[in-house]
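> Take the position in the sequence shown, starting the count at 1, then add 58; the result is the number in our numbering.
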Amino acid sequence: MAVTEFIIALIGHRFLGNVFVPYLIQKEEQFYTVINHVKPRDFKTETDYKFKPYEKELVEIIEKYSDDRLKKKFSNAASVKEFYAELKPEHFKKFILPHIEKCLIRVASILMVSPVRLLNKEMKYANLYDEDEIQVQPFFARPAFYFERNETETRYRLKIFHNEKEIKLFKSIIRVVTNDPCVFVQQNKMFVFEDLNAKRLTPFLEKEFVVIPHALEEKYYGGFILNTVRDFEVHASGFTLNEGNAEKNAVLALERNLEYQPRLVLYFQYDNEKFQPNSTRKVAVQFQKENNNYVFRKVKRDFDWETEVQNFLTEFGLTESDGYLSLPGLDLLENENAVYFLVNWLNRNKPELDKNNIRITQENFDKKYFTGLQQIKLKTQQRGDWFDIYAMVHFGEFIIPFIKLKRFLLNDIREFELPNGEIAILPKEWFARYKGLIPLAKMAGDKLQFEKHHYFLLKNKLKEAVESVTDKLSLFESPEKSGLSIPDNLKAQLRNYQFDGYFWMHQLHKNGFGGCLADDMGLGKTLQTLTLLLKLKREKTGVTIRNPVAINGQLDLFAQQSNPVEVNCQPASLIVIPTSLVHNWDNEIRKFTPSLKVYKYVGSQRNKAINLTQVASFYDVILTTYGTVRNDIKTMTGTPFFYAILDESQFIKNPESKTYKSIMQLRATHRLVLTGTPIENSLSDLWAQMNFLNSGLLGSHIWFQKTFMAPIEKHSDPEQQKILQLLISQFILRRKKEEVARELPPLTEHVVFCRMAEEQEKLYEEAKSVIRNAILENIEKEGIKKSSFVVLQGLTKLRQLANHPSMLDKESEDVSGKFEQMLSMLENLVAENHKVLVFSSFVTHLQLIEERIIQQNWRYSLLTGKTTDREKVIGQFQDDPENYIFLISLKAGGVGLNLTAAEYVFITDPWWNPASENQAISRAHRIGQQKNVFVYRFITENSIEEKIQVLKERKSSLADKFINSNDPFKEITKEEIVELFK
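Here you go:
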């Protein structure tokens, strides 16, 4: 069976000249028969011949100059014949020939290293013979030029060597396949040159040497001979040719590419000659004429060094494309930002570039940028409650005060002109680091002054500058808790998390900071605060005030009496609270810290003429309300307080409100705020409270809106969120109920005393007087037993008034203190995502609450005796994570319900027998409940509700009759009934 062979034939194309063509041939007895002109499509057809990878590569390259491919690439002719008919010599030479030669050189290079045979083939013959084989020489042929100069002329010869053997040119016949570089065939041998143009050797086919007349030699030495010395091996006689070392430098040039995009270009400079990395030239040549002598200095390129430089730049992120160096992401930037990106890369890496002798130039760029190292050097001094930061910006030899950059950093201007006219590009990281700091600083000469409460932001942004002067504040971050004891006379046992809160507030106090205790409702913010005040209570000074008397249970410092009283060395702490919480705070103080003397500066009956400064010198705590501060601020600003403490501090969330502006005028050495919801609607709420605590911490309100509110609330900017967190994190302590669940008892009960609204109190007192008289009159006529209905009817009416006047008069526009306080607490719990059961004995009370809930757009459920689909209503509350409130009448929901989704229980109108209340509580606090349950009983102060609560606590005989007896009127006396209505 005949053997098929893949070969390349060298043929003379009618239009293209000498070209390579691939064939499959088979051996006959005396010759080879061509069986196929191979095309790429043949790889996909089934044949007995299996093409090797290098054979496929040769076919693919040769196909690029096939007649059909050239027609498609270089013309719109309808046919190959038309293409060649219309082909103009200039067009062929300029565009088509370079394309063909590029392909031919690639084919020749593969033939040098592959086993594929090359045969000469005449187009008109189909057969090939062994004598047609052309031996492809495996190494490049080497040209060498020999110059001889004398007084009259310069002669030069060209010799060709292959494998150290000379190839004779003179009078020889060669077949040129390509011109540049040259490939030719001589005597059935094909020689390939690395960089010699065929034009260089053709003169020597006819003559042995070329003569340069003396008159033309200077031009030739400065041009042709200089290029020859540079590109080829040269042997000189009659002039000087030296080989040596040159001063070498790598150069990074800032330039623009053809698309006007900024790029870096790498050059290797040897003395005065530059090379790009992709240049094939191997030497640098310096030429000069010295007297009558021509001197050439030839220096070989150091390719090892050049490779080291390229590798170094690659390690620093530069990538090469089309002779230009770029950086990852540079193409994604707009033109101006791309320039800034490149220049800042040069700035950052200037020291390493200098170390590796890489110079930076920008001779061909449109602007002159500063490309040296730029850095900000900081020096910090701590002076009292201030940090003085001295900042100087170094741009090479220029040192600029940092303050001169203020306008640029605040307005995102990155170009800063230096004294020498160069443009420095301010790094983006400077804007990220310093832009947010500048508005918080006070500019003083060449320094920036920051208040002490900015330490935590400064430590993050300017760590190296502040850590050397902040030893005391560093202790604030990792203090020893063992050094703080609980006051001996505290009448409570602090849980671990409560001690942590007390300790945290104490650390703030020691460092002169204000703080926000933002624990969930029910975790004991009041107790933690009172523990701190008790700890900080100082001994009396011995200064006396004579004649204090008590008015309404409080001492009158101005009455005429004889007993002297010692006053405190530190003024009282002012606690500002909603009106509804005055009673609760008073009770908590008397219960947990009875040694703290408390004065209530509240209500319309308060003594406005009192000297509040003298009151503050005697008492430890003054309780007042937001309304009182708002109305009496002109008087109160004259009194310095030890602490100003705001409970439910969201009351000052509006910086434009009169309440906020009044509170900000209070004078106090220390400040605290307590709230379960520091942010109710907007970050503006946070700013208002933080500005009260640590004025200036978050800058001006306008700056805060622009810097934090807009980016965070509109765009959830993570960087601004991080900065804001750094600013406030040390000044807010928040523990959620579930975080401290292990320390809490399964059930925690609180009694919330609620003050009546002013009009509500008038209505109540009037009704109480009428009811008391009616009951006493009925008892006189009918006796106790027959008066029980009248008594209960009267008590019920008073209970309703204590809850809300609208329960008796739907048209009433009067407000209720208890109602508003309950709604305020509900608002906090909804904001904290807690579920609440709200129980009432009165459906009308639940309906009033329901109306407000609807106005607030909260999800809720309602269960009364009229509810038909109980299971559906219960399921909605249990299963909907955003259904936070379940309104339940005691009669409808006292038994048979499992509502373990709830964590909080509100008893809105506690009454005689706790059994029904306990049944309500057990709806949430039962088997299967995984959370701690908090119970709040809301009792209206100075009402029948408070009277019954006092009876419960006293466990008196009267309480026993009413609370534990099935028939409280069986044994009750007239006097005991009168006791209830005092």
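For glycine and all other residues, C-beta sits at the position ideal for the given N, C-alpha and C.
A quick note: this is a predicted structure, and the numbers were derived from the prediction, not measured.
1. So Glu-206 packs on Ser-295, CB below 8 Å; how close in whole Å?
2. For Thr-365, is the classification buried or exposed, using 16 other Cβ atoms within 10 angstroms of its Cβ as the cut-off for buried?
3. Please list, in chain order, all residues of the same chain as Asn-351 whose beta carbon is under 8 Å from its beta carbon, the five residues on each side excluded.
4. What does the Cβ neighbour count give for Lys-358, buried or exposed, with the cut at 16 atoms within 10 Å?
5. From the beta carbon of Ala-815, is the nearest beta carbon of chain D less than 8 Å away?
6. Which runs of the beta strand (DSSP E), 3 residues or longer, sit entirely within the stretch 905-968?
7. Just the C-alpha distance for Ala-1017 and Glu-1034, rounded to the nearest angstrom, thanks.
8. Taking Cβ to Cβ, would you say Phe-267 is nearer than 8 Å to Ala-199?
9. Report the residue from Ile-93, Ala-576, Trp-969 whose alpha carbon sits nearest the alpha carbon of Pro-80.
10. Quick check: what's the CA-CA separation for Lys-500 versus Arg-472?
11. May I ask you to report which of helix, strand or coil DSSP gives Met-563?
12. Give me the Cβ distance between Gly-238 and Asn-221, rounded to the nearest whole Å; I'm assuming they're in contact under 8 Å.
13. Return the residue from the list Tyr-187, Ile-69, Glu-115, Asn-336 that minimises the CA-CA distance to Arg-39.
14. Determine the burial state of His-272: buried for a count of at least 16 other Cβ atoms within 10 Å of its Cβ, exposed for fewer.
15. Would you report the Cα separation of Val-1036 and Thr-717, rounded to the nearest angstrom?
16. With distances taken Cα to Cα, identify the nearest neighbour of Phe-460 among Asn-478, Lys-139, Gly-580, Lys-493.
17. Do you know how far the Cα of Leu-850 is from the Cα of Leu-594?
18. Grouping DSSP H, G and I as helix and E and B as strand, with all else coil, what is Tyr-657?
19. DSSP on Tyr-183, reduced to helix/strand/coil?
20. At 4 residues or longer, and completely inside the stretch 105-187: list those alpha helix (DSSP H) runs for me, N to C.
21. Only counting runs of 4 or more residues, tell me where the alpha helix (DSSP H) segments fall wholly within the stretch 336-424, in order along the chain.
22. Drop a sphere of 10 angstroms on the beta-carbon of Asn-469, count the other beta-carbons inside from all chains shown, and report buried for 16 or more, exposed for fewer.
23. Specify whether the stretch 672-689 and the stretch 625-645 touch according to this definition: at least 3 beta carbon pairs, one from each stretch, less than 8 Å apart.
24. How would you call Tyr-183, buried or exposed, if buried means at least 16 neighbouring beta carbons within 10 angstroms?
25. On the CB-based measure, 16 or more other CB atoms within 10 Å of its CB, does Tyr-918 come out buried or exposed?
26. Pairs of beta-carbons, one from the stretch 579-588 and one from the stretch 790-810, closer than 8 Å: are there three or more?
27. Is His-567 near Leu-542, with beta carbons less than 8 Å apart?
28. Can the beta-carbon of Arg-233 be found less than 8 Å from the beta-carbon of Val-243?
29. Our contact map puts Lys-795 next to Asn-941 with C-beta atoms below 8 Å; I'd like the distance itself, whole angstroms only.
30. What number of angstroms, rounded off, separates the C-alpha of Lys-1040 from the C-alpha of Tyr-684?
31. Do the stretch 308-316 and the stretch 419-429 meet, that is, are 3 or more Cβ pairs less than 8 Å apart?
32. Taking the straight line between their C-alpha atoms, what separation do you get for Met-880 and Ile-647?
33. Just verifying my parser: in three-state terms, what is the DSSP assignment at Asp-705?
34. Touching or not, the stretch 500-513 and the stretch 447-462, by the rule of three or more beta carbon pairs under 8 Å?
35. Taking only the alpha-carbon atoms, compute the straight-line gap between Asp-690 and Phe-699 and give it to the nearest angstrom.
36. Can you tell which of Asp-329, Val-353, Ile-120, Pro-335 has the C-alpha that lies nearest to the C-alpha of Ala-342?
Straight from the coordinates:
1. Contact between Glu-206 and Ser-295 holds, since their C-beta atoms are separated by about 5 Å, short of 8 Å.
2. So Thr-365 ends up on the exposed side.
3. Here Asn-351 has Phe-297, Thr-298 as same chain residues with Cβ atoms under 8 Å from its own Cβ, once five neighbours each way along the sequence are excluded.
4. It is exposed - the Cβ of Lys-358 has fewer than 16 other Cβ atoms within 10 Å.
5. In the structure shown, chain D cannot be found, because there is only a single protein chain.
6. Assignment of beta strand (DSSP E) within the stretch 905-968, counting only whole runs of 3 or more residues, yields 917-921, 941-947, 962-965 in chain order.
7. With a pLDDT of 48 at Ala-1017, under the threshold of 50, the modelled position of that residue is not reliable, and no figure is offered here.
8. In terms of Cβ geometry, Phe-267 and Ala-199 do not form a close pair [threshold 8 Å].
9. Comparing Cα positions, the closest option is Ile-93.
10. Each residue's Cα considered, the two are about 23 Å apart.
11. DSSP places Met-563 in helix when its eight states are reduced to three.
12. The identity of residue 238 in the sequence shown is Asp, whereas the question assumes Gly. Between Asp-238 and Asn-221 a beta carbon distance of about 23 Å is seen, past the 8 Å cut, so the two are scored as non-contacting.
13. This structure leaves residue 39 out entirely; the chain is present only between 59 and 1040.
14. Answer is exposed; the Cβ neighbour count stays below 16.
15. Cα to Cα, the separation comes out at about 43 Å.
16. Nearest C-alpha to Phe-460: Lys-493.
17. Cα to Cα, the separation comes out at about 50 Å.
18. Here Tyr-657 carries a strand assignment [DSSP, helix/strand/coil].
19. Looking at Tyr-183 - three-state DSSP - the assignment turns out to be coil, as it is neither helix nor strand.
20. The stretch 105-187 contains, as complete alpha helix (DSSP H) runs of 4+ residues, the segments 111-121, 125-132, 138-144, 155-171 (chain order).
21. Within the stretch 336-424, the complete alpha helix (DSSP H) runs of at least 4 residues are 361-373, 393-413.
22. Asn-469 is exposed by the Cβ-count criterion.
23. Output reads yes: the stretch 625-645 touches the stretch 672-689.
24. With fewer than 16 other Cβ atoms within 10 Å, it is exposed.
25. So Tyr-918 ends up on the buried side.
26. The stretch 579-588 is in contact with the stretch 790-810.
27. Their beta carbons are not under 8 Å apart, which means His-567 does not touch Leu-542 by this criterion.
28. Between Arg-233 and Val-243, the gap from beta carbon to beta carbon is short of 8 Å.
29. That belief does not hold up - the Cβ atoms of Lys-795 and Asn-941 are roughly 18 Å apart, past 8 Å.
30. Their backbone Cα atoms lie some 31 Å apart in a straight line.
31. Touching, per the Cβ criterion.
32. Their backbone Cα atoms lie some 22 Å apart in a straight line.
33. Of the three classes helix, strand and coil, the one that applies to Asp-705 here is strand, per DSSP.
34. Note that the stretch 500-513 touches the stretch 447-462; at least 3 beta-carbon pairs, one per stretch, sit closer than 8 Å.
35. Rounded to whole angstroms, Asp-690 to Phe-699 spans 15 Å at the Cα level.
36. Ala-342 has its Cα closest to that of Asp-329, out of Asp-329, Val-353, Ile-120, Pro-335.
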